[in-house]
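Asker: Once you know that position 24 of the sequence shown is 12 in my numbering, the rest is easy, because the numbers rise by one and skip nothing.
Here a beta-carbon is modelled for each residue, glycine too, at the ideal position from N, C-alpha and C.
Got a structure for you, written out below as structure tokens; questions coming shortly.
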Amino acid sequence: MISVFRIISFLEGVSYLLLLFIATPLKYFYHNDSYVKLLGMPHGILFILYVIFAFVIKKKLKWNTKIFSKVLVASILPLGTFFIGKYLE
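If you want it as structure tokens, here you go:
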């Protein structure tokens, strides 16, 4: 279960970075929103999976509120999910 969560956190982080630093600038500087449309849905699905797995693992590993909060906050910070993946090793 942890290994699946680490994979999801990595993929969510990559999709977030691509969306923020490639797709969004292309949309606003070149008026090309095709990359936002292409990356938006996979990122959304990965984000939802990240949060669901965080809840499941919280219960399984009996995380306290502080650890669980860090995991959830990491999902909205660029590079945050990469640190959570390392934190869970």
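#1: Which first and last residues belong to the alpha helix (DSSP H) in which L65 is found?
#2: I need the straight-line Cα distance from G32 to L7, nearest angstrom please.
#3: Would the beta-carbon of S3 fall within 8 Å of that of Y38?
#4: Please look up how many angstroms separate the CB atoms of A11 and V(-8), rounded, as I've assumed it's under 8 Å.
#5: Pop quiz: T69 and A62 are said to be a contact at Cβ under 8 Å. What is the actual Cβ separation, rounded to whole angstroms?
#6: May I ask you to report which of helix, strand or coil DSSP gives H31?
#7: Does DSSP classify K15 as helix, strand or coil?
#8: DSSP three-state label for F60, please.
#9: Please report how far the alpha carbon of R(-6) lies from the alpha carbon of K74, in whole angstroms.
Answerer: According to the structure data:
#1: Taking the first residue of the sequence shown as position 1, residue 65 is located at position 77. Element bounds for L65: n/a, residue is neither H nor E.
#2: Looking up residue 32 in the sequence shown gives position 44. Looking up residue 7 in the sequence shown gives position 19. Rounded to the nearest angstrom, the two C-alpha atoms are 11 Å apart.
#3: Here the question's residue 3 lines up with position 15 in the sequence shown. Here the question's residue 38 lines up with position 50 in the sequence shown. The answer is no: Cβ separation not under 8 Å.
#4: Position 23 of the sequence shown, counted from the first residue, corresponds to residue 11. Position 4 of the sequence shown, counted from the first residue, corresponds to residue -8. Rounded, the Cβ-Cβ distance is 26 Å, inconsistent with contact.
#5: Here residue 69 corresponds to residue number 81 of the sequence shown, with the count starting at 1. Here residue 62 corresponds to residue number 74 of the sequence shown, with the count starting at 1. The pair is a contact, with the Cβ atoms about 6 Å apart (cut-off 8 Å).
#6: Numbered from its first residue, the sequence shown carries residue 31 at position 43. The DSSP-derived three-state label of H31 is helix.
#7: The residue labelled residue 15 in the question sits at position 27 within the sequence shown. Of the three classes helix, strand and coil, the one that applies to K15 here is helix, per DSSP.
#8: As a working mapping, residue 60 is identified with position 72 in the sequence shown. The sequence as given places Leu at residue 60; Phe does not occur at that position. Helix.
#9: In the sequence shown, the residue the question calls residue -6 occupies position 6. In the sequence shown, the residue the question calls residue 74 occupies position 86. Rounded to the nearest angstrom, the two C-alpha atoms are 8 Å apart.
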